[in-house]
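As structure tokens, the structure follows; a few thoughts come after it.
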Amino acid sequence: MNEGNVMLVAESGEEIEGIIELKDGRHIAMFFVKPEKQMQGIGKQLLSSVLTYARFDTVTVKASLSSVPAYVKYGFEMAGDIAESSGLVYQPMEFELNKPVQLTALAAAD
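Quick note, the sequence shown lines up with residues 87 to 196 if you use my numbering.
Shown next, in the form of structure tokens:
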């Protein structure tokens, strides 16, 4: 892993339940929670924890279209049009760390 990258893992015993990676202190490159473990607060905990490592006021993500509702729930906003890269379709999104309304949204999200 490169300097400036942070990867956090949620585990139960020896089983990985979720993972998140923050690249360059500003971009969520990977964020997954096992389907059977979703809606239990694991994603919220991973996201809240990784945001403490952010080195910029804005954190970005190239969200898969199916994950957009989850990111909206966590307080992310659309940051451009749907795009495609290497065959992957995504929605650019961003989270403003110093925006109180979004911190409230993250605290309320499950």
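Note that the Cβ used here is the ideal one computed from N, Cα and C, for glycine as well.
Leaving aside the five residues before and after residue i along the sequence, list all residues of the same chain whose C-beta is less than 8 Å from its C-beta, in chain order.
{"i": "Leu132", "result": "Leu94, Ala96, Gly104, Ile105, Ile106, Phe117, Val119"}
{"i": "Arg112", "result": "Ala140, Arg141, Phe142, Thr144, Val145, Thr146"}
{"i": "Glu180", "result": "Thr144, Val145, Thr146, Val147, Phe162, Glu163, Ala165"}
For residue i, list the residues DSSP reports as bridge partners.
{"i": "Tyr176", "result": "Ser150, Ala169"}
{"i": "Phe162", "result": "Phe162 pairs with nothing; no bridge assigned."}
{"i": "Gly111", "result": "DSSP lists no partner for Gly111."}
{"i": "Gly90", "result": "According to DSSP, Gly90 bridges with nothing at all."}
{"i": "Met125", "result": "Bridge partners of Met125: none, in fact."}
{"i": "Phe117", "result": "Ile106"}
So residue i is in the alpha helix (DSSP H); what residue range does that whole segment cover?
{"i": "Gly99", "result": "That residue, Gly99, is in no alpha helix (DSSP H); it is neither H nor E in DSSP."}
{"i": "Lys130", "result": "128 to 137"}
With a cut-off of 7 Å, does the C-beta of residue i fall near any C-beta of chain B?
{"i": "Met164", "result": "Absent here is chain B; the protein component of the structure consists of one chain."}
Taking the straight line between their C-alpha atoms, what separation do you get for residue i and residue j?
{"i": "Lys109", "j": "Val147", "result": "10 Å"}
{"i": "Ala140", "j": "Leu174", "result": "25 Å"}
{"i": "Tyr157", "j": "Glu182", "result": "13 Å"}
{"i": "Thr138", "j": "Gly90", "result": "13 Å"}
{"i": "Gly161", "j": "Glu101", "result": "28 Å"}
{"i": "Val136", "j": "Lys130", "result": "10 Å"}
{"i": "Ala169", "j": "Glu163", "result": "15 Å"}
{"i": "Asn184", "j": "Ser172", "result": "33 Å"}
{"i": "Ala149", "j": "Ser134", "result": "17 Å"}
{"i": "Ala115", "j": "Ser152", "result": "16 Å"}
{"i": "Ile128", "j": "Ser98", "result": "11 Å"}
Skipping 5 residues on each side, what residues in its chain have a beta carbon closer than 7 Å to that of residue i?
{"i": "Gly166", "result": "Pro178"}
Cβ-heavy atom distance between residue i and the ligand NAP below 6 Å?
{"i": "Ser98", "result": "As far as ligands go, the structure on display features none, and thus does not contain the ligand NAP."}
Output needed for residue i: all residues of its chain with C-beta closer than 6 Å, excluding positions within five of it in sequence on either side, in chain order.
{"i": "Val154", "result": "Gln177"}
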